[in-house]
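Participant: Please find one structure pasted underneath; my questions will follow.
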Amino acid sequence: MNTEILRVDPTVPEPAIIAKAADYLRTGRLVAFPTETVYGLGANALDPEAVRSIFAAKGRPASNPVIVHVAEPSQVVNVAAQWPETAAQLAAKFWPGPLTIVVPKKHGVPDEVTAGGPTVAVRCPNHVVARELIRVAGVPIAAPSANRSTELSPTRAEHVFKSLNGRIDLILDGGPCAGGIESTVVDVTGPVVRLLRHGLITVPMLEEVVGLVDLPSRGYEPLGSVARSPGQMAKHYSPRTPVVLAQDADAEHQRLRDAGFRVISVGFDLIWDYRFISNDPAEYATDLYAILHELDEAGFDRIVIELPPDTPEWAAVRDRLTRAAAMS
Ligand code: TXA
Ligand code: MG
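The opening residue of the sequence shown carries number 28 in the numbering used here; numbering runs sequentially from there.
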């Protein structure tokens, strides 16, 4: 398959380009498109065969459900059987934006989307290209991150191309994603809102709207196999080059270098060879995957990353770093 790349204006998308991509989606093909978090790999969420082809292109296990994207909050009625009060409160505050809400699914949402489970994850992205594409396609769009399974998520069209060239029909290149890491995922089907994946909407931000949130670190009960997020699979979001996390990145760098490795570090203020990354959590998230993609191409043996502080505003970044460093 030939993978076509079309540039699209990220703020005023060209109608002809959106129309072409929307037509691809309506006819069961795969289109990668920018969102405010990372690039998504879209297919018509109501077409089981199209959704299966997402899994084939990514090499993703069928047990891992995908997020359904809508152009307007009002469109959740097409996929959700219920919209609890907490969902309404969270959507009112954070949509369009990087929050995914898991609710009971409506009859007719294919099992391919939900991994056979009773719930569906929904998100209204805050990116004009994504929303125009979904609006013109006229169907809800299933979209995981546009990368091969377990690899780093893409924050630029080139990352998508590197990972999925020849496996998808079209990439809409709308430039770099501002957010940089995947959306926060919450399950609102229980008595309290439960965090399934950390993201740009932090726990304190959620708790301001819905009160105390159920967190893995607060010891919540394990979920059934379907409701698990791949956020719960250890190895995910990984570059090929082994990543080592360290409180003292310079000491770790020196140790590895002395052991004969070609080493690069990523941190705020280091001594040995390093790539600077911002000490602001949001800016850090924006740049993290792009830096890892780049360093992964550069032929190092090890990437040492200085661990940011263990505070709520760093939780999503620390989560992704831990997964990038996981060996299995
Ligand atoms: O920012 C994002 O969320 C990006 C952009 C493209 O929207 N998408 C994304 O998709 O990161 P993906 O497939 O890489 O991650 C989707 C997450 C996974 O952790 C998955 O297990 C979880 O959402 N998920 C999807 N449906 C679910 C459901 N019904 N119940 C629980 N978790 C679900
Ligand atoms: Mg992903």
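For every residue, glycine included, the Cβ atom is placed at its ideal position computed from N, Cα and C.
If you're wondering where the values come from, they're calculated on a predicted model, not measured in any experiment.
On the CB-based measure, 16 or more other CB atoms within 10 Å of its CB, does V230 come out buried or exposed?
Facilitator: Translated into positions along the sequence shown, residue 230 becomes position 203. Buried.
Participant: Name the two residues that bound the continuous alpha helix (DSSP H) containing R79.
Facilitator: Start at 1 with the first residue of the sequence shown, and residue 79 comes out as number 52. R79 -> alpha helix (DSSP H) spans P75 to K85.
Participant: Give me, in chain order, the residues of the same chain whose beta-carbon lies closer than 7 Å to that of W122; leave out the 5 immediate sequence neighbours on both sides.
Facilitator: On the sequence shown, position 95 is the one that residue 122 refers to. Cβ neighbours of W122 beyond the five flanking positions: P100 and C151.
Participant: Verify the contact flag: E209, CB atom, against every heavy atom of the ligand TXA, threshold strictly below 7 Å.
Facilitator: Here the question's residue 209 lines up with position 182 in the sequence shown. Yes, the Cβ of E209 comes within 7 Å of a heavy atom of the ligand TXA.
Participant: Smallest Cα separation from G170: which of E178, R345 and L52?
Facilitator: Residue numbering aside, residue 170 sits at position 143 when the sequence shown is read from its first letter. This sequence places Ala at residue 170; Gly is not what is there. Among E178, R345 and L52, the Cα nearest to that of A170 belongs to L52.
Participant: According to DSSP, N71 sits in a beta bridge with which residue or residues?
Facilitator: Your numbering for residue 71 matches position 44 in the sequence shown. Per DSSP, I168.
Participant: So S190 is in the beta strand (DSSP E); what residue range does that whole segment cover?
Facilitator: As a position in the sequence shown, residue 190 is number 163, starting the count at 1. Here S190 belongs to no beta strand (DSSP E); instead the alpha helix (DSSP H) covers A184 to L191.
Participant: Flag this pair as touching only if the region 113-121 and the region 83-91 have three or more C-beta atom pairs under 8 Å; answer yes or no.
Facilitator: no
Participant: Taking all protein chains shown into account, decide if P218 is buried (16 or more other Cβ within 10 angstroms of its Cβ) or exposed.
Facilitator: Mapped onto the sequence shown, residue 218 falls at position 191. Counting Cβ neighbours within 10 Å, P218 comes out exposed, since fewer than 16 surround it.
Participant: For P181, verify whether its CB is less than 7 Å away from any heavy atom of the ligand MG.
Facilitator: The residue you call residue 181 lines up with position 154 of the sequence shown. Not under cutoff, so the answer is no.
Participant: Is there at least one non-hydrogen atom of the ligand TXA closer than 7 Å to the beta-carbon of T177?
Facilitator: For this step, residue 177 is matched to residue 150 along the sequence shown. In this structure, the ligand TXA has no non-hydrogen atom nearer than 7 Å to the beta-carbon of T177.
Participant: Less than 7 Å between C-beta atoms, sequence neighbours within five positions excluded: which residues of the same chain meet that for E423?
Facilitator: Limits of the chain in this structure are 28 at one end and 355 at the other, which puts residue 423 out of reach.
Participant: Could you work out which residue in A353, D200, V97 and R56 is closest to E76 when comparing CA atoms only?
Facilitator: Here residue 76 refers to the residue found at position 49 when the sequence shown is read from its first residue. Taking each of A353, D200, V97 and R56 in turn and checking the Cα distance to E76, the smallest one comes out for R56.
Participant: Does the region 274-289 come into contact with the region 176-189, if we say contact requires no fewer than three beta-carbon pairs (one atom in each stretch) closer than 8 Å?
Facilitator: no
Participant: Identify whether I128 lies in helix, strand or coil by the three-state DSSP scheme.
Facilitator: Here residue 128 corresponds to residue number 101 of the sequence shown, with the count starting at 1. Strand, per DSSP.
Participant: With DSSP collapsed to three states, give me the class of L197.
Facilitator: Residue numbering aside, residue 197 sits at position 170 when the sequence shown is read from its first letter. If DSSP states are grouped into helix, strand and coil, L197 belongs with the strands.
Participant: Looking at V213: is its Cβ nearer than 8 Å to the Cβ of I304?
Facilitator: Residue mapping note: residue 213 aligns to position 186 of the sequence shown, counting from 1. Residue mapping note: residue 304 aligns to position 277 of the sequence shown, counting from 1. For the pair V213 and I304, the CB atoms are not nearer than the 8 Å cut-off.
Participant: Determine the DSSP secondary structure at L52, reduced to helix, strand or coil.
Facilitator: Residue numbering aside, residue 52 sits at position 25 when the sequence shown is read from its first letter. DSSP places L52 in helix when its eight states are reduced to three.
Participant: At a threshold of 7 Å, does S172 count as lining the ligand MG (C-beta to nearest heavy atom)?
Facilitator: By 1-based counting over the sequence shown, the position of residue 172 is 145. Checking every heavy atom of the ligand MG against the Cβ of S172, one is found closer than 7 Å.
Participant: Do the region 342-353 and the region 262-279 make contact, defined as three or more Cβ pairs closer than 8 Å?
Facilitator: yes
Participant: Since E209 is in the beta strand (DSSP E), which residue starts that stretch and which ends it?
Facilitator: Working through the sequence shown from its first residue, we reach residue 209 at position 182. That residue, E209, is in no beta strand (DSSP E); it is neither H nor E in DSSP.
Participant: Which residue's Cα is closest to the Cα of R224: L242, T216, E235 and E234?
Facilitator: Taking the sequence shown and counting its residues from 1, the one referred to as residue 224 is at position 197. When only C-alpha atoms are compared, the closest one is L242.
Participant: Decide if D196 is buried, meaning its Cβ has at least 16 other Cβ atoms within 10 Å, or exposed.
Facilitator: Residue mapping note: residue 196 aligns to position 169 of the sequence shown, counting from 1. In this structure D196 is buried. Its beta-carbon is surrounded by 16 or more other beta-carbon atoms within 10 angstroms.
Participant: Near V237, what residues of its chain come up, given a Cβ to Cβ distance below 7 Å and the 5 sequence neighbours on each side ignored?
Facilitator: The count along the sequence shown starts at 1 and reaches residue 237 at position 210. When the five nearest sequence neighbours on each side are left out, the beta carbons in the same chain lying within less than 7 Å of the beta carbon of V237 are those of T113, Q116, L117 and V220, in order along the chain.
Participant: Can you find the residues in the same chain that come closer than 8 Å, C-beta to C-beta, to G86, ignoring five residues on each side of it along the sequence?
Facilitator: Within the sequence shown, the letter at position 59 stands for residue 86. Closer than 8 Å at the Cβ level, and outside the excluded window around G86, lie R175 and S176.
Participant: Using the rule of at least 16 other Cβ atoms within 10 Å of the residue's Cβ for burial, across every protein chain shown, is S252 buried or exposed?
Facilitator: Locating residue 252 in the sequence shown gives position 225, counting from the first residue. Only weak support is given to the placement of S252: the predicted model assigns it a pLDDT of 37, under 50, and the value that follows is read from those uncertain coordinates. The residue in question, S252, is exposed, as its Cβ has fewer than 16 Cβ neighbours within 10 Å.
Participant: Say yes only if the C-beta of H186 is nearer than 7 Å to one or more non-hydrogen atoms of the ligand TXA, and no if none qualify.
Facilitator: As a working mapping, residue 186 is identified with position 159 in the sequence shown. Checking the Cβ of H186 against the ligand TXA gives no.
Participant: V97 by DSSP, collapsed to three states: which one?
Facilitator: As a working note, residue 97 is residue 70 in the sequence shown. Of the three classes helix, strand and coil, the one that applies to V97 here is coil, per DSSP.
Participant: If we ignore side chains and look at the alpha-carbon of each, how far apart do I45 and A343 end up?
Facilitator: Reading the sequence shown from its first residue, position 18 is the one you call residue 45. Reading the sequence shown from its first residue, position 316 is the one you call residue 343. Their Cα atoms are separated by approximately 32 Å.
Participant: Does DSSP classify F121 as helix, strand or coil?
Facilitator: For the purposes of this step, residue 121 is taken as the residue at position 94 of the sequence shown. F121: helix per DSSP, three-state reduction.
Participant: Where does V104 land, buried or exposed, given buried means 16+ other C-beta within 10 angstroms?
Facilitator: As a first step, residue 104 must be located in the sequence shown, where it is residue number 77. Within 10 angstroms of the beta-carbon of V104 lie fewer than 16 other beta-carbons, which makes it exposed.
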